[in-house]
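The block underneath contains the structure these notes are about, expressed in structure tokens.
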Amino acid sequence: MENNPSSARGDRKLIERNRRNQMKALFTELNSVVPHQSSREATSRPDQIGEATNYVKSLQIKLEKMKEKRNNLIEIERSENGSMNKGLKSPQFKIQQMGSVLEIVLVSELDCLFMFTETIRVLQEEGSDVVNASYTVVGNEVFHTIHCKVGESADETLRISDKLKKFLYH
Numbered sequence: 001m002e003n004n005p006s007s008a009r010g011d012r013k014l015i016e017r018n019r020r021n022q023m024k025a026l027f028t029e030l031n032s033v034v035p036h037q038s039s040r041e042a043t044s045r046p047d048q049i050g051e052a053t054n055y056v057k058s059l060q061i062k063l064e065k066m067k068e069k070r071n072n073l074i075e076i077e078r079s080e081n082g083s084m085n086k087g088l089k090s091p092q093f094k095i096q097q098m099g100s101v102l103e104i105v106l107v108s109e110l111d112c113l114f115m116f117t118e119t120i121r122v123l124q125e126e127g128s129d130v131v132n133a134s135y136t137v138v139g140n141e142v143f144h145t146i147h148c149k150v151g152e153s154a155d156e157t158l159r160i161s162d163k164l165k166k167f168l169y170h
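According to UniProt numbering, the sequence shown is numbered sequentially starting from 1.
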């Protein structure tokens, strides 16, 4: 093998040219994925690298904020599901008879509105006439007040009360 200095110099030139071409291709690729301000003047390579660095940093900050937001939403969902599962309360009701008028106060959770319609159905099945019905929402609870006309016997009130208990608690 000959130690030809011109051959070694040619190899180094070729290696350096390949390195420069590879760097140029990488700069072009990097430049194509970084959004640019609408500037008409050409940007130098160091400025392009600076823009890319700033863009990557801004993406990292956005990613951290999104992770934090996701974790907060997951925590909220867990706490809501946990409170829904352990905090399920049975509906409560109170019946008071005032002559031929029966007042029923039904307290249920906000997502159990069907209880109101079923209570009305039970009252109508028992032959009472609903005169007035209203509701108030407080937090996650709904307070329904129903006035209906029934006979004046205590037996009717007891029968309606028993039927409502069976429906609401079984």
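Backbone N, C-alpha and C fix where the C-beta goes; we use that ideal spot for every residue, glycine too.
Owing to the predicted nature of the structure, the values given are computational and were not obtained by experimental measurement.
Rounded to the nearest angstrom, the Cβ distance from Ile104 to Phe93 is 6 angstroms, consistent with a contact under 8 angstroms. If you look at Leu106, you'll find it in the beta strand (DSSP E) that goes Val101 to Glu109. Distance from the Cα of Leu30 is smallest, within the candidate group His36, Glu16, Arg12 and Ala52, for Ala52. By DSSP's assignment, Ala133 forms a beta bridge with Ile146. By the Cβ neighbour-count rule, Thr119 is buried, with 16 or more other Cβ atoms within 10 Å of its own. When rounded, the separation of the alpha-carbon atoms in Gly139 and Val34 is 48 angstroms. Counting of Cβ neighbours within 10 angstroms places Leu164 among the buried residues, the total reaching 16 or more. Ranked by Cα distance from Phe114, the first of Met66, Val142, Asp162 and Asp155 is Val142.
With a threshold of 16 other beta carbon atoms within 10 Å, Ser6 falls short and is exposed. Take the alpha-carbon of Lys69 and the one of Ile61: they are about 12 angstroms apart.
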